[in-house]
Amino acid sequence: MSEFQVHKQDISQTRLLDTRKGNEILDGQIKIKIEAFSFTANNITYWAMGDKLAYWQFFPASVNQTSEWGIIPVWGFAEVVESTHTGINVGERLFGYLPTANEWLIQPVKTAITVLFDGSSHRSKLPPGYNMYRRVQAESGYNPKHDALRMLLFPLHITSFCIHDMLSSQQYLSAEQIIILSASSKTSLGLAYALQQDESAPTVVAMTSARNLAFVKKTGYYQQVISYDDMVQIDGNKKSIIIDMSGNGDLITQLHAKLKDNMLYSSQVGLTHWDETAKGTGFIANRSKMFFAPSHIQQRYQQWGAEKFEQLANEFMHKAAIDSQRWLKITTVKGLKGLSEQFNSVCHGQLPPEQGLIIQM
Numbered sequence: 610m611s612e613f614q615v616h617k618q619d620i621s622q623t624r625l626l627d628t629r630k631g632n633e634i635l636d637g638q639i640k641i642k643i644e645a646f647s648f649t650a651n652n653i654t655y656w657a658m659g660d661k662l663a664y665w666q667f668f669p670a671s672v673n674q675t676s677e678w679g680i681i682p683v684w685g686f687a688e689v690v691e692s693t694h695t696g697i698n699v700g701e702r703l704f705g706y707l708p709t710a711n712e713w714l715i716q717p718v719k720t721a722i723t724v725l726f727d728g729s730s731h732r733s734k735l736p737p738g739y740n741m742y743r744r745v746q747a748e749s750g751y752n753p754k755h756d757a758l759r760m761l762l763f764p765l766h767i768t769s770f771c772i773h774d775m776l777s778s779q780q781y782l783s784a785e786q787i788i789i790l791s792a793s794s795k796t797s798l799g800l801a802y803a804l805q806q807d808e809s810a811p812t813v814v815a816m817t818s819a820r821n822l823a824f825v826k827k828t829g830y831y832q833q834v835i836s837y838d839d840m841v842q843i844d845g846n847k848k849s850i851i852i853d854m855s856g857n858g859d860l861i862t863q864l865h866a867k868l869k870d871n872m873l874y875s876s877q878v879g880l881t882h883w884d885e886t887a888k889g890t891g892f893i894a895n896r897s898k899m900f901f902a903p904s905h906i907q908q909r910y911q912q913w914g915a916e917k918f919e920q921l922a923n924e925f926m927h928k929a930a931i932d933s934q935r936w937l938k939i940t941t942v943k944g945l946k947g948l949s950e951q952f953n954s955v956c957h958g959q960l961p962p963e964q965g966l967i968i969q970m
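Residue numbering for the sequence shown follows this note's numbering, beginning at 610 and increasing consecutively.
Listed below in structure tokens is the structure:
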């Protein structure tokens with residue numbers, strides 16, 4: 610049993626743990642062998658919000674008596690290698706929320722032809738969307754050639770879909786512009802693609818670092834692209850919505866102060882600048898809210914039904930993933946050791962924005 614663990618309070622501390630002992634399977638459980646997963650800035654958000662949003666509870670770390678170490682969840686594929694559950698066979702492949710480990714145990718409940726849920730007691734009160742595993746070999750039209758795109762973009766573009774749905778359902782609050790911070794992130798690009806396809810959407814403005822300026826312009830998703838150090842170009846007289854993927858407290862404070870009453874709504878989604886989150890006195894808290902995609906999904910499940918939501922979301926994600934192939938460059942590294950070698954680069958935003966990292970176990 611091998612795990613890649615991160616210190617919950619200090620992201621610079623990591624360890625590769627090999628317990629030399631496998632998980633012992635119990636009645637009704639399945640053992641999965643992790644095949645591959647993606648690792649992006651979205652996973653760093655899981656670390657940064659690990660306590661607040663209970664991300665550490667999904668996959669409890671081994672040899673962790675003081676509870677200071679955690680396993681960051683990832684999205685990827687796994688194969689069933691042992692099963693004591695009727696109807697789930699060895700050799701079946703699953704897609705879903707996984708640990709940075711080589712194997713894990715799942716307690717399947719609410720199994721259906723194309724999905725199953727992990728009903729392990731420590732996950733019972735966690736968002737259902739994170740506990741669902743897709744039985745990919747039963748999916749209509751499943752193509753393993755798209756596995757890498759799915760690992761990289763599904764967990765990001767589902768959030769993009771939900772943000773667009775949230776905004777469009779409110780007629781964009783009659784805003785004249787939507788300003789997206791950390792516009793080079795893949796979640797931002799997915800959102801910008803959705804807005805580009807929507808004729809009712811207002812102008813979409815990208816804010817990004819100077820080094821990513823050329824790339825963001827090249828995608829063609831945004832009507833205006835501005836670097837963080839050139840905020841003077843933001844039109845403060847336009848009624849605005851801010852979608853903040855960066856979590857940069859100083860930057861969002863400056864933007865709120867510039868827009869003042871024209872800042873209609875500010876949504877924090879990601880934390881690509883996880884180490885710069887402190888807000889200043891110009892921050893407008895009463896028109897700001899954190900966006901949590903699983904909550905939006907549950908709301909739409911209740912309003913639309915799961916089948917309609919899944920259909921609309923999957924149609925969008927397929928189109929967005931295909932379009933992303935214009936600029937996406939996939940890089941594959943080997944095993945948990947390969948992840949440990951790339952980890953700091955992902956933490957500090959040093960990978961090129963067009964690069965997508967896949968860890969092949």
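Quick reminder that beta carbons are idealized off the backbone N, C-alpha and C, glycines included.
Just so it is clear, the structure is predicted and the values come from calculations on it, not from any experiment.
Who are the near neighbours of LYS848 in its chain, counting only those whose CB is closer than 7 Å to its CB and skipping five residues on each side?
-> SER783, ALA784, GLU785, ASN871 and LEU873
Secondary structure of GLU950, DSSP reduced to three states | helix
May I ask you to verify whether the stretch 675–690 touches the stretch 746–765, counting CB pairs closer than 8 Å and requiring at least 3?
-> yes
So, ILE641 versus GLU748, is the Cβ gap smaller than 8 Å?
-> no
Boundaries of the beta strand (DSSP E) in which LEU625 is found, first to last residue = 623–627
C-alpha gap between LEU735 and ALA663, whole angstroms = 8 Å
Among residues of its own chain, excluding the 5 on either side of LYS946, which ones have a beta-carbon nearer than 8 Å to its beta-carbon?
-> LEU625
From this set, LEU765, GLU633 and ILE843, which residue's C-alpha is nearest TYR706's C-alpha?
-> LEU765
Beta-carbon proximity list for LEU800, same chain, < 7 Å, skipping 5 on both sides | SER769, ILE772, HIS773, ILE789 and ILE852
Indicate the three-state DSSP secondary structure (helix, strand or coil) for HIS616 in the structure shown.
-> strand
Using the Cα positions of PHE648 and ILE906, report the straight-line distance between them to the nearest angstrom.
-> 23 Å
Name, in chain order, the residues that DSSP records as bridge partners for MET816.
-> LEU790 and ILE835
Per DSSP, VAL576 is paired with what?
-> Any property of residue 576 remains undetermined from this structure, which presents the chain solely from 610 to 970.
On the premise that VAL942 lies in contact with GLN934, defined as a C-beta separation below 8 Å, what is that separation, rounded to the nearest angstrom?
-> Their Cβ separation, rounded to whole angstroms, is 20 Å, which puts GLN934 and VAL942 out of contact at 8 Å.
Quick one: Cα of LEU960 to Cα of LYS795, how far?
-> 12 Å
By the 10 Å Cβ neighbour count, where 16 or more other Cβ atoms means buried, how is ASP727 classified, buried or exposed?
-> buried
So, helix, strand or coil for LEU662, using DSSP?
-> coil
In the structure shown, what three-state DSSP assignment does ILE939 receive?
-> strand
Based on Cα-Cα distance, which residue from LYS938, ASP627, TRP656 and ILE967 lies nearest to PHE824?
-> LYS938
Measuring CB to CB, does GLN716 end up less than 8 Å from GLN666?
-> no
Same chain only: Cβ atoms within 7 Å of GLY659, ignoring 5 sequence neighbours per side | LYS617, TRP665 and GLY679
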